[in-house]
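Undergrad: In this note's numbering, each residue carries its 1-based index in the sequence shown increased by 55.
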Amino acid sequence: MAKLPDHVGIDFGTHSVKAVELTKISTPTPILVNLGSQLTPKGVINSEDKSDQRKLADVLKKLYDSSRIKNRNVVMALPEFSVFTRFLEFPGVKKEELKDAVYFEAKQYIPMPLSEVQLSYVPIGFNTEKNAPRVLVVAAPRKIIDIYINIAVLASLDLIAIETESVAMGRAMYKSVGKKDLIMLDFGANSTDMSILSDGYLVFSQSIAIGSDSLTQAVINKFNFEYQRAEEFKRNYGLVENVLEGKIYSVLSPIVESIMVEVRRGVEFYKNRTLSVAPTDYILNGDGALLPGLKEYVSKSLGVNAMMSMPWNNVQVDPKFKDIISKSGPSYSVAIGLAMKDE
56 MAKLPDHVGI DFGTHSVKAV ELTKISTPTP ILVNLGSQLT PKGVINSEDK
106 SDQRKLADVL KKLYDSSRIK NRNVVMALPE FSVFTRFLEF PGVKKEELKD
156 AVYFEAKQYI PMPLSEVQLS YVPIGFNTEK NAPRVLVVAA PRKIIDIYIN
206 IAVLASLDLI AIETESVAMG RAMYKSVGKK DLIMLDFGAN STDMSILSDG
256 YLVFSQSIAI GSDSLTQAVI NKFNFEYQRA EEFKRNYGLV ENVLEGKIYS
306 VLSPIVESIM VEVRRGVEFY KNRTLSVAPT DYILNGDGAL LPGLKEYVSK
356 SLGVNAMMSM PWNNVQVDPK FKDIISKSGP SYSVAIGLAM KDE
């Protein structure tokens with residue numbers, strides 16, 4: 056595959072759009088050129104409405120202006136909930152037969168006509184016992200891809216690649232921690248995305264329809280707070296049991312535990328499907344990962360080693376960016392992974 060030029064990784068979140076530009080991405084320690092973030096207008100993500108797409112394009116223009124980013128080449132991420140992924144093995148299938156085999160097998164799993172999706176697959180090794188190539192099948196609705204192509208055009212940007220959030224995050228995590236076997240939990244506003252890396256490859260992903268906004272809403276419902284005050288209480292006290300007599304903990308913990316239930320189900324599905332042992336190292340990503348006490352809660356609930364992501368590890372960072380990174384490092388994981396894409 057052709058090498059990509061230096062570019063800007065752009066991650067569209069429900070609450071913010073983040074951008075990261077790196078250079079020397081093929082080296083062990085890429086260099087941060089620039090980064091930035093802007094608030095996302097409400098309700099515009101994945102919208103087919105042309106006016107919403109223009110709003111997102113305007114946010115990108117504002118982000119470029121405020122951050123003084125010059126590079127017009129961009130790689131964007133598709134939200135995980137809009138993409139279908141499936142880990143498959145093909146016993147006895149030769150390399151030259153794999154493309155057709157993926158196509159026919161994908162028809163069984165993708166819940167919409169293949170004519171309406173962009174289908175691709177990533178080879179992820181070989182099962183020698185079964186004589187089976189292993190692949191990750193990725194299918195994105197063409198109408199979703201068209202949305203992001205149009206946004207790039209409206210923002211006068213050159214969209215050179217699109218990939219899923221989990222693939223981008225997996226790249227960033229592998230390069231930052233050097234571990235080939237990980238489970239990643241990305242805590243977003245409306246969903247929590249779970250992804251499994253095995254031997255450095257993404258082999259499983261699922262989107263859990265519970266995010267950090269559900270936690271804020273629970274605080275609003277319990278204490279009749281205004282949104283901003285509820286958000287502040289959530290961010291300040293989170294899942295720490297011994298503050299405010301445990302009142303915030305008692306409201307938030309049942310919701311977080313419902314996420315953990317889905318994570319356990321995902322792990323069991325992965326183990327049964329692949330007959331593999333699941334990783335016990337968990338990396339927490341996204342804005343929601345900054346919730347106080349979350350790392351300790353995940354570790355205890357799942358009986359695993361949970362840690363905050365450090366996506367800037369092995370990236371050379373100028374001191375002028377240190378303040379931004381220290382406050383919101385885990386939230387830039389996807390954008391960093393996109394910026395690291397080299398082919």
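All C-beta atoms, glycine included, are put in the ideal place defined by N, C-alpha and C.
For a test of the three-state rule: what should DSSP assign to Lys230, helix, strand or coil?
TA: helix
Undergrad: Within a Cβ cutoff of 7 Å, which residues of the same chain sit near Lys198, ignoring the five residues on either side of it in sequence?
TA: Here the set comprises Glu103.
Undergrad: Less than 8 Å between the beta carbons of Phe259 and Ala344, yes or no?
TA: no
Undergrad: Can you tell me where the beta strand (DSSP E) with Tyr337 in it begins and where it stops?
TA: 336 to 340
Undergrad: Ile263 to Pro366, Cα distance in whole Å?
TA: 22 Å
Undergrad: Would you mind reading off the limits of the alpha helix (DSSP H) that contains Gly91?
TA: Here Gly91 belongs to no alpha helix (DSSP H); instead the beta strand (DSSP E) covers 86 to 94.
Undergrad: According to DSSP, is Met365 part of a helix, a strand, or is it coil?
TA: coil
Undergrad: So Val222 packs on Leu257, CB below 8 Å; how close in whole Å?
TA: 6 Å
Undergrad: I'd like to know whether the C-beta atoms of Leu237 and Val129 end up nearer to each other than 8 Å.
TA: no
Undergrad: Please report the distance separating the alpha-carbon of Ser267 from that of Lys185.
TA: 42 Å
Undergrad: Is there at least one non-hydrogen atom of the ligand ZN closer than 7 Å to the beta-carbon of Met224?
TA: Ligands in the displayed structure: none, and consequently the ligand ZN is not present.
Undergrad: Please look up how many angstroms separate the CB atoms of Ile80 and Ala394, rounded, as I've assumed it's under 8 Å.
TA: 7 Å
Undergrad: Unbroken beta strand (DSSP E) runs of length 3 or more, entirely within the stretch 155 to 220: which are they?
TA: Fully enclosed beta strand (DSSP E) runs of 3 or longer: 172 to 182, 187 to 196, 213 to 219.
Undergrad: Per DSSP, what are the beta-bridge partners of Ser262 in this structure?
TA: Asp248
Undergrad: Ignore the nearest five residues each way along the sequence and tell me which others in Pro370's own chain have a CB closer than 6 Å to its CB.
TA: It is Val, not Pro, that sits at residue 370 in the sequence shown. Excluding sequence neighbours, Val370 sits near Pro85, Leu87.
Undergrad: Which residues bound the alpha helix (DSSP H) around Leu118?
TA: 105 to 122
Undergrad: Thinking C-beta only, is Val172 closer than 8 Å to Leu191?
TA: no
Undergrad: Give me, in chain order, the residues of the same chain whose beta-carbon lies closer than 6 Å to that of Ser388; leave out the 5 immediate sequence neighbours on both sides.
TA: Met224, Ala227, Asn340, Ser364, Pro366
Undergrad: Taking the continuous alpha helix (DSSP H) assigned at Arg290, which residues delimit it?
TA: 282 to 292
Undergrad: For Ala333, which residues of its own chain have a beta-carbon under 8 Å away from its beta-carbon, when the five flanking residues on both sides are left out?
TA: Ile238, Ile251, Val322, Tyr325, Lys326
Undergrad: Reducing DSSP to helix, strand and coil, say where Thr78 ends up.
TA: strand
Undergrad: Measure the Cβ-Cβ separation of Thr271 and Ala132 and say whether it is below 8 Å.
TA: no
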